[in-house]
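What follows is one structure encoded as structure tokens, with my remarks underneath.
There are 2 protein chains.
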Amino acid sequence: MAGTKDRIMEASAELFRRNGYTGTGLKQIVTAAGAPFGSLYHFFPGGKEQLGVEVIHASGMMYLQLFDIFFDNETDLVHGVEAAFAGAAVTLRETDYADACPIATVALEVASTNEPLRKATAEVFTAWIDYGTAKFQPFGLPEATARKLTISLVNSLEGAFVLSRALRDTEPLAVAGATTALAAKAALAEGSG
Amino acid sequence: MAGTKDRIMEASAELFRRNGYTGTGLKQIVTAAGAPFGSLYHFFPGGKEQLGVEVIHASGMMYLQLFDIFFDNETDLVHGVEAAFAGAAVTLRETDYADACPIATVALEVASTNEPLRKATAEVFTAWIDYGTAKFQPFGLPEATARKLTISLVNSLEGAFVLSRALRDTEPLAVAGATTALAAKAALAEGSG
């Protein structure tokens, strides 16, 4: 059984992803985590904001693994891109359109209202962009091209999550996959040019 | 001077865009609108949820005009796409990264938590997709191709807003513009093929 702090982090990540940061109360978090209320301030003396920063970092960084899953042991960059978007569509349908990006809802909520949380989301996106850039270069892409492709992938994925969740339809994710596959082909052509 | 109902709608649209739906209180709204508290329930007997639905519809539908601005009197589809993303980047910088999509924050907040508001965001995205599809067909695109290009544009724009606001940097919007221009070129090649 996970420790109390881990359970609080996991329950918060799930609640933030589904209900947002503002829409999640501390009572909800301790109830979902099966933790006594006092334990929250024991582990997070800075309260909800400190918890928010730690959850954004932890759940955001965990998603770096997705680059490994879809692009390690993959020789075809375009195929890896297509598989990543197809996988996202399956997850979205299986979770009734709830489990998408772990930090996007919070990122939009706090962008203009809470600077420590905004910075935490920026650190996660920066880590994704740097990690994807390093992961795509071995496919034969110059660094600047690999960076643009990574940003294009994350842009399309984040936007398609907004539309697919609102519409309860994976069509936007399918279009995003096709567009990013096109961007990958263009990047490879540029890399070999 | 705008009527009280209009002022409440405008203040709400601004507050929802910057702080989200959950993060906006009714007191904040009437204060920003310079309206007596009672007027809110006079115009919106369904309270915050009814106000939310009306604001999502009104501010979302207003953005349909952006398709007119960038694509009416435009003979070059790719140029129109580039100009639209460049315009979004200017607006984002000028508003200190606050004014992006009028409904995205709310869309993510309510997708799994409030069905009437979720439906309102879905109606707006559906209207954008249908309007863009009709707007892009005259450039020589078959309907299915025009629809995919519209969804690709909205995906990329929404995702780039998430990243650009978090990073306080317009690089993701620039990449999104380049990717959508690439998608537009591919769509035109498909249309003439």
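For the record, the sequence lines run as chains R and L.
Count along the first sequence from 1, add 28, and you get the number used in my numbering.
Count along the second sequence from 1, add 28, and you get the number used in my numbering.
Ideal Cβ positions, reconstructed from N, Cα and C, are used throughout, including at glycine.
The structure presented is a predicted model; accordingly, all values stated were derived computationally and were not measured.
(request) Taking only runs that begin and end inside the stretch 91-171 of chain L, name each unbroken beta strand (DSSP E) of 3 or more residues, in chain order. (result) With a minimum length of 3 residues, no continuous beta strand (DSSP E) run stays inside the stretch 91-171 of chain L.
(message) For a contact defined as C-beta to C-beta under 8 Å, what are the partners of G191/L on chain R?
(response) Taking the second sequence and counting its residues from 1, one reaches residue 191/L at position 163. Looking at the sequence itself, residue 191/L is Leu, so the reference to Gly does not match. Ordered by position in chain R, the residues that pass the 8 Å Cβ test against L191/L are F153, I179, V182, N183, E186.
(request) Return the residue from the list G66/R, G80/R, K163/R, R196/R that minimises the CA-CA distance to V109/R. (result) For the purposes of this step, residue 109/R is taken as residue 81 along the first sequence, with counting starting at 1. For V109/R, the nearest C-alpha among the options comes from K163/R.
(message) Only counting the same chain, and skipping five residues up and downstream in sequence, which positions put a Cβ closer than 8 Å to that of A41/R?
(response) Numbered from 1 along the first sequence, position 13 holds the residue referred to as residue 41/R. The beta carbon of A41/R lies closer than 8 Å to those of V83, A86, S87, P130 in the same chain, with the five residues before and after it left out.
(request) Taking only beta carbons into account, state which residues of the stretch 134-147 of chain R come closer than 7 Å to chain L, listed in chain order. (result) Listed by position along the chain: A135, L136, E137, A139, S140, T141, R146.
(request) Indicate whether at least one CB of chain R lies closer than 8 Å to the CB of R46/L. (result) For this step, residue 46/L is matched to residue 18 along the second sequence. Yes, R46/L lies at the interface with chain R (some Cβ there is under 8 Å from its Cβ).
(message) Could you tell me the alpha carbon to alpha carbon distance between A126/R and L177/R, rounded to whole angstroms?
(response) Against the first sequence, residue 126/R aligns to sequence position 98. Against the first sequence, residue 177/R aligns to sequence position 149. Near 26 Å, if we compare the C-alpha coordinates of L177/R and A126/R.
(message) I'd like the span of the alpha helix (DSSP H) that includes D34/L, first residue to last.
(response) As a working note, residue 34/L is residue 6 in the second sequence. 32-47 is the span of the alpha helix (DSSP H), which, as asked, contains D34/L.
(request) Inspect the beta-carbon positions of T154/R and L181/R and report whether they are closer than 8 Å. (result) As a first step, residue 154/R must be located in the first sequence, where it is residue number 126. As a first step, residue 181/R must be located in the first sequence, where it is residue number 153. No, they are not a contact pair.
(request) Specify, as a first and last residue, the run of the alpha helix (DSSP H) that A61/R falls within. (result) Residue numbering aside, residue 61/R sits at position 33 when the first sequence is read from its first letter. Start and end: 54-61.
(request) Measuring only between beta-carbons, confirm whether G51/L sits less than 8 Å from chain R. (result) To locate residue 51/L, count along the second sequence from 1; it is residue 23. Flagged as an interface residue toward chain R: G51/L, by a C-beta distance shorter than 8 Å.
(message) Please tell me whether A204/L and F98/L are closer than 8 Å, where the distance is taken between their beta carbons.
(response) Here residue 204/L is taken as the residue at index 176 of the second sequence, counted from 1. Here residue 98/L is taken as the residue at index 70 of the second sequence, counted from 1. 8 Å or more divides the Cβ of A204/L from the Cβ of F98/L.
(message) On the DSSP letters alone, give me the boundaries of the alpha helix (DSSP H) that T50/L sits inside.
(response) Working through the second sequence from its first residue, we reach residue 50/L at position 22. From DSSP, T50/L is part of no alpha helix (DSSP H); its letter is neither H nor E.
(message) Restricting to Cα atoms, I'd like to know which of A194/R, V134/R, T123/R is closest to V152/L.
(response) One-based indexing of the second sequence puts residue 152/L at position 124. Checking every option, the nearest Cα to that of V152/L belongs to A194/R.
(message) I'd like to know whether the C-beta atoms of R146/R and I157/R end up nearer to each other than 8 Å.
(response) Locating residue 146/R in the first sequence gives position 118, counting from the first residue. Locating residue 157/R in the first sequence gives position 129, counting from the first residue. Contact: no.
(request) Kindly indicate which three-state DSSP category R196/R falls into: helix, strand or coil? (result) Locating residue 196/R in the first sequence gives position 168, counting from the first residue. Here R196/R sits in coil by DSSP.
(message) If the criterion is Cβ atoms closer than 8 Å, does the pair G219/R and T173/R meet it?
(response) For the purposes of this step, residue 219/R is identified with residue 191 of the first sequence, where counting begins at 1. For the purposes of this step, residue 173/R is identified with residue 145 of the first sequence, where counting begins at 1. The Cβ-Cβ distance between G219/R and T173/R falls below 8 Å.
(request) Using a threshold of 8 Å, state whether the C-beta atoms of L216/L and G168/L are closer than that. (result) Against the second sequence, residue 216/L aligns to sequence position 188. Against the second sequence, residue 168/L aligns to sequence position 140. Yes, Cβ-Cβ distance for L216/L and G168/L is below 8 Å.
(message) Looking only at its chain, what residues have a beta carbon closer than 8 Å to the beta carbon of T50/L, apart from the 5 residues adjacent to it on each side?
(response) For the purposes of this step, residue 50/L is identified with residue 22 of the second sequence, where counting begins at 1. Hits under 8 Å: E137.
(request) Find the residues of chain R that neighbour L94/L, judging by a C-beta separation of less than 8 Å, and give them in chain order. (result) Numbered from 1 along the second sequence, position 66 holds the residue referred to as residue 94/L. Within chain R, no residue comes near L94/L; the closest Cβ sits about 16 Å away, beyond 8 Å.
(request) Taking N120/R and S192/R to be in contact with their CB atoms under 8 Å, please state how far apart those CB atoms are, rounded to whole angstroms. (result) As a first step, residue 120/R must be located in the first sequence, where it is residue number 92. As a first step, residue 192/R must be located in the first sequence, where it is residue number 164. The identity of residue 120/R in the sequence shown is Leu, whereas the question assumes Asn. The pair is a contact, with the Cβ atoms about 6 Å apart (cut-off 8 Å).
(request) Can you tell me which of A206/R, V134/R, N142/R puts its alpha carbon nearest to the alpha carbon of V190/R? (result) Here the question's residue 190/R lines up with position 162 in the first sequence. Cα-wise, what sits closest to V190/R is V134/R.
(request) Can you have a look at G66/R and say buried or exposed, based on whether 16 or more other CB atoms are within 10 angstroms of its CB? (result) In the first sequence, residue 66/R corresponds to position 38, counting from 1. Taking all protein chains shown into account, G66/R has fewer than 16 neighbouring C-beta atoms within 10 Å of its C-beta and is therefore exposed.
(message) Between E122/R, I36/R, N47/R, which has its C-alpha nearest Y69/R's C-alpha?
(response) Walking along the first sequence from the start, residue 69/R turns up at place 41. From the listed residues E122/R, I36/R, N47/R, the smallest Cα separation to Y69/R is found for I36/R.
(message) Here's the rule: buried if 16 or more other CB atoms are within 10 angstroms of the residue's CB, otherwise exposed. What is G75/L?
(response) Translated into positions along the second sequence, residue 75/L becomes position 47. So G75/L counts as exposed.
(request) Measure the Cβ-Cβ separation of G53/L and G48/R and say whether it is below 8 Å. (result) Here residue 53/L refers to the residue found at position 25 when the second sequence is read from its first residue. Here residue 48/R refers to the residue found at position 20 when the first sequence is read from its first residue. G48/R is positioned such that its CB atom lies no closer than 8 Å to that of G53/L.
(request) Sort Y91/L, P73/L, A61/L, H107/L by Cα distance to K213/L and report the nearest one. (result) By one-based count along the second sequence, residue 213/L stands at place 185. For the set Y91/L, P73/L, A61/L, H107/L, the Cα lying nearest the Cα of K213/L is the one of H107/L.
(message) Please tell me whether E199/L has its Cβ less than 8 Å away from any Cβ of chain R.
(response) Here the question's residue 199/L lines up with position 171 in the second sequence. The C-beta of E199/L comes closer than 8 Å to at least one C-beta of chain R.
(request) Rounded to whole angstroms, what's the CA-CA distance from G187/R to P73/L? Just pull it up for me. (result) As a working mapping, residue 187/R is identified with position 159 in the first sequence. As a working mapping, residue 73/L is identified with position 45 in the second sequence. In a straight line, the C-alpha of G187/R is about 33 Å away from that of P73/L.
(message) If the criterion is Cβ atoms closer than 8 Å, does the pair V81/R and A150/R meet it?
(response) Here residue 81/R is taken as the residue at index 53 of the first sequence, counted from 1. Here residue 150/R is taken as the residue at index 122 of the first sequence, counted from 1. No, they are not a contact pair.
(request) Rounded to whole angstroms, what's the CA-CA distance from G31/L to R196/L? Just pull it up for me. (result) One-based indexing of the second sequence puts residue 31/L at position 3. One-based indexing of the second sequence puts residue 196/L at position 168. In a straight line, the C-alpha of G31/L is about 35 Å away from that of R196/L.
(request) Flag T207/R as yes if its beta-carbon sits less than 8 Å from any beta-carbon of chain L, otherwise no. (result) The residue you call residue 207/R lines up with position 179 of the first sequence. Interface annotation, T207/R: in contact with chain L, CB-CB separation under 8 Å.
(request) Measure how close the beta-carbons of E199/R and I179/L come, nearest whole angstrom, since I'm counting them as under 8 Å. (result) Within the first sequence, the letter at position 171 stands for residue 199/R. Within the second sequence, the letter at position 151 stands for residue 179/L. With a Cβ gap of about 7 Å, E199/R and I179/L count as contacting.
(request) Using 10 angstroms around the beta-carbon of N101/R, count the other beta-carbons present and answer buried if the total reaches 16, otherwise exposed. (result) Indexing the first sequence from 1 puts residue 101/R at position 73. Exposed, since its Cβ has fewer than 16 Cβ neighbours within 10 Å.
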